[in-house]
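The sequence shown finishes on residue 104 if you use my numbering, and the numbering steps up by one all the way, no holes.
Glycine included, each C-beta is placed from N, C-alpha and C at the ideal position.
Below you'll find the structure, written out as structure tokens, and then a few comments.
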Amino acid sequence: MVEGLQNDHVYHLKGVYAHFPMTIKTQNNQLVVENFMGERNPRKADIMEGVDVSVDGEEITVSGSDKENVAQTAARIEQLSEKGNRDPRTFQDGIYITEVEE
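Set out below in structure tokens:
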């Protein structure tokens, strides 16, 4: 508890694509991913209360003092890029957690 108040919990994520360039942005307390694998409809993930999300190109940083809310928001963003019935060995597009700072 004290650790979260002194130093934020931080998750780093990265958006990876092969052919269709996806656009990642935040708006209205949601993270929006457009053009994921050529889809026309944007995918959205809610950002939990007390969590800051910053997007720099394909790099996403999720930070906050509540460890559970930060981890849940990072998990929602990662699950946002599920590919359905496609082979994950071939279709590696998505958003993945790359680093967790404790």
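Distances from the CA of VAL18 to each of PRO90, ALA77, GLU60 and THR92 were compared; the closest alpha carbon is that of GLU60.
Linking VAL72 to VAL12 through their CA atoms gives a straight-line distance of about 7 Å. Taking each of ARG45, GLN94, ASP68 and HIS21 in turn and checking the Cα distance to ASP54, the smallest one comes out for ASP68. For GLU80, the enclosing alpha helix (DSSP H) starts and ends at 69-81. The alpha carbon of LYS27 has as its nearest neighbour, out of ASP48, ARG88 and GLN8, the alpha carbon of ASP48.
DSSP places GLY66 in the strand class (E or B) of the three-state scheme. Under DSSP, TYR13 forms a beta bridge with VAL64 and VAL102.
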